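What follows is one structure encoded as structure tokens, with my remarks underneath.
2 protein chains.
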Amino acid sequence: MGKKKEMLRELAGRIYDLDVEVYERLGSSLGRVFNQEREQCIKELVKLMDSKSKSHILRSQLALISNMARTIGDTDTRDIIMKKYEGILQEVTILPKSFASEDILDEKMAQLNEWNLEERFSQDNHLVICIGRAYGCGGSEIGFVLADSLKINYYDVEIFNEVLKRMELEQDDVEDRAGFPAFQPAQKLTLKQRLKDINRYHGLPKRDAVFFNQCDLICDMAKREDFVVMGRCADAILTINNIPHISIYITAPFEQRVRRVMKINKKMSEKQVREHIRRLDRKHAKYYGYYTGRGWGHAENYDLCINSASYGIEGSVELIRRMIRRSG
Amino acid sequence: MGKKKEMLRELAGRIYDLDVEVYERLGSSLGRVFNQEREQCIKELVKLMDSKSKSHILRSQLALISNMARTIGDTDTRDIIMKKYEGILQEVTILPKSFASEDILDEKMAQLNEWNLEERFSQDNHLVICIGRAYGCGGSEIGFVLADSLKINYYDVEIFNEVLKRMELEQDDVEDRAGFPAFQPAQKLTLKQRLKDINRYHGLPKRDAVFFNQCDLICDMAKREDFVVMGRCADAILTINNIPHISIYITAPFEQRVRRVMKINKKMSEKQVREHIRRLDRKHAKYYGYYTGRGWGHAENYDLCINSASYGIEGSVELIRRMIRRSG
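From first to last, the protein sequence lines stand for chains A and B.
Mapping the first sequence onto the working numbering, position 182 (from 1) lands on 182, and the numbers just tick up by one.
For the working numbering, count along the second sequence from 1 and bump the result up by 1000.
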């Protein structure tokens, strides 16, 4: 018998004996995980310990023993048994094929996730929090209050448009001393202005041009400052550009969102609000999908998703602060 | 002019003046939010402050001023201006129609959410963490390590089945001294045994009977102990029964899950693994939907969703511990 197998058999024996001990202490059939005779059970345990694909069974068996052990009334006995259990668990955990050996960590994603980079906060990286949210869940308020409480900048679509407009105006001011008002309706533009627009947008449709300008702006900002950014596919943009950030998606149950929007916008009927939210959800998903190729609001595309109805606006802010360890 | 309107006008004036001040300090056209003349801007600001549905514009304008103000180089000047800004923001926030006034909090959900109930942990409620997870994301490992690190019980489907089986055996032992092995294949059961089964399951299909037994067990456990429970629709069961808990959904990008399952189960081809994961996802969604009427893995049905690929197993455990303030 190989040395490894011998080691596994010894460990299996200790697991079996621990189960017997817990059973004897509790004196109930509920306390027994292994009902067959010792040698047979050890053989099966060794098999489990040597199989990654069945590790969940081993884990459940160990958990069952420890769950039972925790119900032992006498504190001293319980402590001794739990110490034995912890020792066994540690040894099982470091087995090459045991249940904790295959991690799910995506190195690349983790590198971009600021929650993993605490020690680097003080160095080169800025704290960039990207928040996507479903309409009516209070996400914008959460972002705004969060930015304010962290004393960092807040960017949403209005601010982006404003900043981009001004940058363009400034550029115009340099490029064209005569100056002309930006964003005139297309029909009012002269040929010269249209040509200039084509030039400015590198021949792209304006929607795409605006998006690419936003990309540049967001990446540039991430090099210079800490901030909270609402939507704008900022999470995907920063991921593509290998810039660390935290991506959060905020939502709330549909009915909750309907109620909130109705409180805010008294001019719409309930039916109108429902349709409005559904339409915006579709629009959001389409915009995000178009520019990122990812599913909007799908949990696997964010670091974290928060249900704001569970916490409220202040509670959600507090939760995020707690996670980045900047809780007040 | 009413007293309220006068107050709003005064506040609007201070916002306008702050913008001018920031603009003058920075000496750039990028620093100016309001470009029209004072009286006109104040009128529009008052309108914004008096309209819930347009509050996002007011919020963006305030954010833009503060974003700009933060770039002022001279610390003393910046501090004075930021203090003015904070004062204005506080006053805007407490306006009856301002942007922070409509919360999204669902009182009932919040009451059931242990994250909001910290002060009650030491009293009557037990710490119950319900974890739903997509196959292959390491969710079970996260739950197990979390339970172990918190020194509380861990329950998954295997343990539930085992506990339910034993409870039934014990019951049988009391009800029927002759005793017979439980869970025999149907064709082997005598008529007497079948009738007993119908009695035991109250005429329900066995799948439903097992589910309802689980419901009872979970609710009963929640009254007696702290624990982590994997799947079993435990979140929905506890919500229906008004028992406080934390509901977490863990997932990871599909490709990541495929890679992890392939590492664990070397006997399956990549194609088989992909199909296996898709099939289990469908099965999960169907089971959850059937018993809860809710969407499995939809962020609005949980307190929180975690992407385990961003943190890894240990990192996810640490994140959850941080959120319940039991970080090591």
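Glycine residues also receive a C-beta, built at the ideal position from the N, C-alpha and C atoms.
These figures come from a predicted structure and were not determined experimentally.
To the nearest angstrom, how far is it from the Cα of residue i to the Cα of residue j?
i                       : j                       : result
residue 1283 of chain B : residue 130 of chain A  : 33 Å
residue 1219 of chain B : residue 1237 of chain B : 8 Å
residue 268 of chain A  : residue 1314 of chain B : 48 Å
residue 134 of chain A  : residue 297 of chain A  : 8 Å
residue 63 of chain A   : residue 89 of chain A   : 10 Å
residue 1304 of chain B : residue 320 of chain A  : 11 Å
residue 317 of chain A  : residue 1146 of chain B : 24 Å
residue 128 of chain A  : residue 222 of chain A  : 7 Å
residue 307 of chain A  : residue 84 of chain A   : 40 Å
residue 1087 of chain B : residue 224 of chain A  : 27 Å
residue 1036 of chain B : residue 1094 of chain B : 27 Å
residue 119 of chain A  : residue 311 of chain A  : Because residue 119 of chain A sits at a pLDDT of 47, beneath the cut-off of 50, its placement in the model cannot be relied upon, and the point is left open.
residue 19 of chain A   : residue 1230 of chain B : 23 Å
residue 1077 of chain B : residue 1300 of chain B : 44 Å
residue 1144 of chain B : residue 1226 of chain B : 14 Å
residue 1006 of chain B : residue 1049 of chain B : 12 Å
residue 290 of chain A  : residue 325 of chain A  : 34 Å
residue 1271 of chain B : residue 92 of chain A   : 31 Å
residue 1150 of chain B : residue 38 of chain A   : 31 Å
residue 4 of chain A    : residue 47 of chain A   : 12 Å
residue 73 of chain A   : residue 82 of chain A   : 13 Å
residue 1266 of chain B : residue 54 of chain A   : 12 Å
residue 1161 of chain B : residue 1132 of chain B : 18 Å
residue 302 of chain A  : residue 235 of chain A  : 8 Å
residue 1232 of chain B : residue 1140 of chain B : 13 Å
residue 65 of chain A   : residue 1295 of chain B : 34 Å
residue 1075 of chain B : residue 152 of chain A  : 15 Å
residue 102 of chain A  : residue 1156 of chain B : 19 Å
residue 1228 of chain B : residue 1159 of chain B : 12 Å
residue 244 of chain A  : residue 126 of chain A  : 8 Å
Starting from residue i, follow its DSSP beta bridges and name the residues at the other end.
i                       : result
residue 326 of chain A  : Residue 326 of chain A is not bridged to any residue.
residue 1245 of chain B : B:1113
residue 1227 of chain B : B:1128 and B:1153
residue 251 of chain A  : A:307
residue 1133 of chain B : B:1250
Please work out which residues of its chain come closer than 7 Å, Cβ to Cβ, to residue i, disregarding the five sequence neighbours upstream and downstream, and give them in chain order.
i                       : result
residue 309 of chain A  : 252, 253 and 256
residue 274 of chain A  : 258
residue 1239 of chain B : 1112
residue 292 of chain A  : 233 and 236
residue 1241 of chain B : 1219
Go through its chain and collect everything with a Cβ distance to residue i's Cβ below 8 Å, but skip five positions before and after it.
i                       : result
residue 1042 of chain B : 1009, 1012, 1013 and 1016
residue 51 of chain A   : 97
residue 1148 of chain B : 1154
Which residues in the same chain have their Cβ closer than 6 Å to the Cβ of residue i, if we skip the five residues on either side of it in sequence?
i                       : result
residue 261 of chain A  : 136 and 273
residue 1184 of chain B : Unreliable positioning characterises residue 1184 of chain B in this predicted model, as indicated by a pLDDT of 38, which lies under 50. The coordinate reading is nonetheless provided below. Closer than 6 Å at Cβ, skipping near neighbours: no residue.
residue 1034 of chain B : 1016, 1019 and 1041
residue 1215 of chain B : 1237
Would the beta-carbon of residue i be found less than 7 Å away from any heavy atom of the ligand SAH?
i                      : result
residue 245 of chain A : As for the ligand SAH, it is missing from this structure, which has no ligand bound.
Practice item. Could you list the residues in the stretch 1229-1256 of chain B with a C-beta less than 8 Å from some C-beta on chain A, going in chain order? Key: 1249, 1251, 1252, 1253, 1254 and 1256
Point to revise | Inter-stretch contact (C-beta, 8 Å, three-pair minimum) for the stretch 1162-1169 of chain B and the stretch 1277-1291 of chain B | key: no
**Study point:** Residues, ordered as in the chain, of the stretch 1054-1067 of chain B that lie near chain A by beta-carbon distance below 9 Å
**Key:** 1055, 1056, 1057, 1059, 1060, 1061, 1062, 1063, 1064, 1066 and 1067
Check your understanding: Between the stretch 1035-1056 of chain B and chain A, which residues of the former have a C-beta closer than 7 Å to a C-beta of the latter?
Key -> 1052, 1053 and 1056
Check your understanding: Looking at chain B, which residues of the stretch 71-91 of chain A have a Cβ within less than 9 Å of any of its Cβ atoms?
Key -> 71, 82, 86 and 89
Review point. What residues in the stretch 1132-1144 of chain B have a beta carbon less than 7 Å from any beta carbon of chain A?
Key: 1137, 1138, 1140, 1141 and 1144
Practice item. Scan the stretch 1295-1312 of chain B for residues whose Cβ lies nearer than 9 Å to a Cβ of chain A and list them as they occur along the chain. Key: 1297, 1298, 1299, 1300, 1301, 1302, 1303, 1304, 1305, 1306, 1307, 1308, 1309, 1310, 1311 and 1312
Point to revise | Residues within the stretch 145-159 of chain A neighbouring chain B, beta-carbon criterion of under 9 Å | key: 145, 147, 148, 151, 152, 153, 154, 155, 156, 157, 158 and 159
Review point. Got a sec: which bits of the stretch 7-22 of chain A sit with their beta carbon under 7 Å from any beta carbon on chain B, in order along the chain?
Key: none
Check your understanding: What residues in the stretch 259-273 of chain A bring their beta carbon closer than 8 Å to a beta carbon of chain B?
Key -> 260, 263, 264, 265, 266 and 267
Point to revise | Proximal residues, the stretch 100-114 of chain A versus chain B, C-beta separation under 7 Å | key: 100, 102, 103, 104, 105, 106, 109, 110 and 113
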